[in-house]
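Before any comments, here is the structure.
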Amino acid sequence: MAQKYWLMKSEPDVFSLEDLKKEFDSTTHWDGVRNYQARNFMRDEMKIGDLVLYYHSNCDEPGVVGIAEVVREGYPDHTAWESGSKYFDPKSAPENPRWIMVDIKWHKAFKRTVTLHEMKSTPELSDMRVVQRGQRLSVQPVEKKHFDKVVEMGLNS
DNA sequence: GCCAACGTTGGC
DNA sequence: GCCAACGTTGGC
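All residue numbers for the first sequence refer to my numbering, where the first residue is 56 and numbers rise by one.
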């Protein structure tokens, strides 16, 4: 299967790309996703070696700040059955996990943020999911041509 | 903090 | 299985 490309959103106040870099081995498990479409992507389609555009949302300058890499494929999100967790879901159970996460590793920081505003005004990116109106999916597939374009923008000035 | 967009829930 | 109510996301 060919390498695939993704975009994952995180609020930098909660967990930024810099935070990911500081983790042990610059790796974290992407817990807390509670949306079925996003879960299905992680469960069924994300593979080791896939690359991820790391997107900061809900902040002064929303946009893509760098790249991460998938290092572990879908497995149960244990926070769903931890009753103290903010991600606790009584309908999930260890014997029948409802929610899935992957592990991602810091790969590269852009020289600069490729802002949402900028992506929206870039013709080559006009049909990219993240620039579509009302697009809230926190894990979404990205076409190679879009991935390459965003990376090019982020690594040049 | 507002609010539009969208997903989920639950009554019927 | 419809759909109104509600909760969340996330740009602005």
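No residue lacks a Cβ here, since even glycine has one placed at the ideal position from N, Cα and C.
Quantities reported herein were computed from a predicted structural model and do not represent experimental measurements.
DSSP places Lys166 in no alpha helix (DSSP H) but in the uninterrupted beta strand (DSSP E) bounded by 155 to 170.
In the displayed model, Lys102 falls within coil according to three-state DSSP, outside both helix and strand. In the three-state DSSP reduction, Glu207 falls in the helix class (H, G or I). For Glu137, the secondary structure class from DSSP, reduced to helix, strand or coil, is coil. Ala123 has Val107, Trp161 as its beta-bridge partners, per DSSP. DSSP places Gln92 in no beta strand (DSSP E) but in the uninterrupted alpha helix (DSSP H) bounded by 91 to 95.
Less than 8 Å divides the Cβ of Leu108 from the Cβ of Phe202. In this chain, the beta strand (DSSP E) harbouring Val197 covers 194 to 197. At a Cβ-Cβ threshold of 8 Å, Tyr130 and Met156 count as neighbours. The three-state secondary structure of Ser65, taken from DSSP, is strand.
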